[in-house]
Amino acid sequence: MVEYLDTSVGHRLAYHKTDGDGPGIVFLGGFMSDMSGTKAVFLEDWAKKQGRAFLRFDYTGHGQSSGRFEDGCIGDWTEDALEALSKLTSGPQILVGSSMGGWIALLLARSVPKRVHALIGIAAAPDFTEDSMWPGLSDAQRAEILEQGQTSVPNAYDDTPYILTRRLFEDGKMQLVLRTALNLPFPVRLMQGTDDEAVETSVPLRLLDHATCPDMRLTLVKDADHRFSTPDCLAMITSAIAETSR
15 MVEYLDTSVG HRLAYHKTDG DGPGIVFLGG FMSDMSGTKA VFLEDWAKKQ
65 GRAFLRFDYT GHGQSSGRFE DGCIGDWTED ALEALSKLTS GPQILVGSSM
115 GGWIALLLAR SVPKRVHALI GIAAAPDFTE DSMWPGLSDA QRAEILEQGQ
165 TSVPNAYDDT PYILTRRLFE DGKMQLVLRT ALNLPFPVRL MQGTDDEAVE
215 TSVPLRLLDH ATCPDMRLTL VKDADHRFST PDCLAMITSA IAETSR
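In terms of this note's numbering, the sequence shown opens at residue 15 and continues consecutively.
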């Protein structure tokens, strides 16, 4: 059953929460995705079988939460995640961040490291608005964003196009994590498919090189794509959760 959290800035976040033992698991979804995706639902089922606490939720403008997607930005969605973490969980959590969720997990880890037991990044995409999305636009699209405030681009996963706004890119510049010191004082596991069409393998390698972390590992999976949702890939995620739960 879907529940709702009213945030301090008037957002209404839809979520599913499973009570259980800790450390709890918080799933952080990707750009324009929602909490009903394959990985989120699979991990919730796994957590229930393990008797583990689990939380999945929709950012503002995503899924069943309030607001419009095009009104949001990385900073807004990170604030959503921080309120969900603060109000719906207790104690250190294992953050499982998929794509953009990996960036948000790193922002949470930077701001509230004591609430993080471990971090698992699945095709994590830190700084993507600045490093891949903006450079990947045409001159005409960039001009449209600067002059009109937004542009639309095709969505590879469904028929709803992405609306990219000037605010998204301006805010993204203020949320970068790969330009300054990034201390991750807990276990970190990164997983990346070599056939990922959205995040290049150079991204997790850069993160691996940049962050200060006593226990950080990267697994590259040949032929896996951005969804990272095959049975073998899902098993890798649960193995990483089990390993870092100790």
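We treat Cβ as the ideally placed atom computed from N, Cα and C, and that holds for glycine.
Counting along the chain, where does the alpha helix (DSSP H) carrying residue i start and finish?
i: M188; result: 180-188
i: R156; result: 153-162
If residue i and residue j are in contact, beta carbons under 8 angstroms, what's the gap, nearest whole angstrom?
i: I88; j: G186; result: 5 angstroms
i: L204; j: A138; result: 6 angstroms
i: S259; j: P37; result: 6 angstroms
i: L178; j: T165; result: 6 angstroms
i: R53; j: S112; result: Looking at the sequence provided, one finds Lys at residue 53 rather than Arg. With a Cβ gap of about 6 angstroms, K53 and S112 count as contacting.
i: F68; j: G34; result: 7 angstroms
i: V130; j: P106; result: 6 angstroms
i: L248; j: A225; result: Actually they do not touch by this definition, with Cβ atoms about 25 angstroms apart.
i: D209; j: D237; result: 5 angstroms
So is the beta-carbon of residue i under 7 angstroms away from any non-hydrogen atom of the ligand SAH?
i: H76; result: Of the ligands one can find in the structure shown there are none, so the ligand SAH has no counterpart to examine.
Pick from the options: whose alpha carbon is nearest that of residue i?
i: A212; options: A54, D145, A98; result: D145
i: L198; options: S216, D229, P175, Y176; result: D229
i: W91; options: S104, L42, S50, R66; result: L42
i: G135; options: G115, A67, D210, L178; result: G115
i: V126; options: L99, D172, T165, A256; result: L99
i: S80; options: D94, D59, A61, E158; result: D94
i: R2; options: G51, H76, L133; result: Residue 2 lies beyond the residue range present for the chain, which begins at 15 and ends at 260; the question has no answer from this structure.
i: D141; options: D173, K101, Q189; result: Q189
i: Y73; options: S47, R66, A54, A249; result: S47
i: A170; options: H240, P245, R70, C247; result: H240
i: E97; options: R82, F71, G111; result: F71
i: G207; options: Y29, L232, A28, L102; result: L232
i: E58; options: K31, F83, R82; result: K31
i: A256; options: W60, S22, P218, D85; result: W60
i: R82; options: Y29, L151, Y176; result: Y176
i: R180; options: D173, I159, L192; result: I159
i: S22; options: G65, L234, M49, K101; result: K101
In this structure, does DSSP put residue i in helix, strand or coil?
i: H240; result: coil
i: P37; result: strand
i: A254; result: helix
i: R231; result: strand
i: T52; result: helix
i: M46; result: coil
i: R129; result: helix
i: A249; result: helix
i: A28; result: strand
i: R260; result: coil
i: T143; result: helix
If you follow the beta strand (DSSP E) that residue i is in, where does it begin and where does it stop?
i: S216; result: Note, S216: premise wrong, no beta strand (DSSP E); alpha helix (DSSP H) at 216-224.
i: D20; result: 17-20
i: L196; result: Counting along the chain, L196 falls outside any beta strand (DSSP E), and DSSP gives it neither H nor E.
Q) What runs of the alpha helix (DSSP H), each 4 residues or longer, lie entirely inside the segment 55-119? A) 88-102
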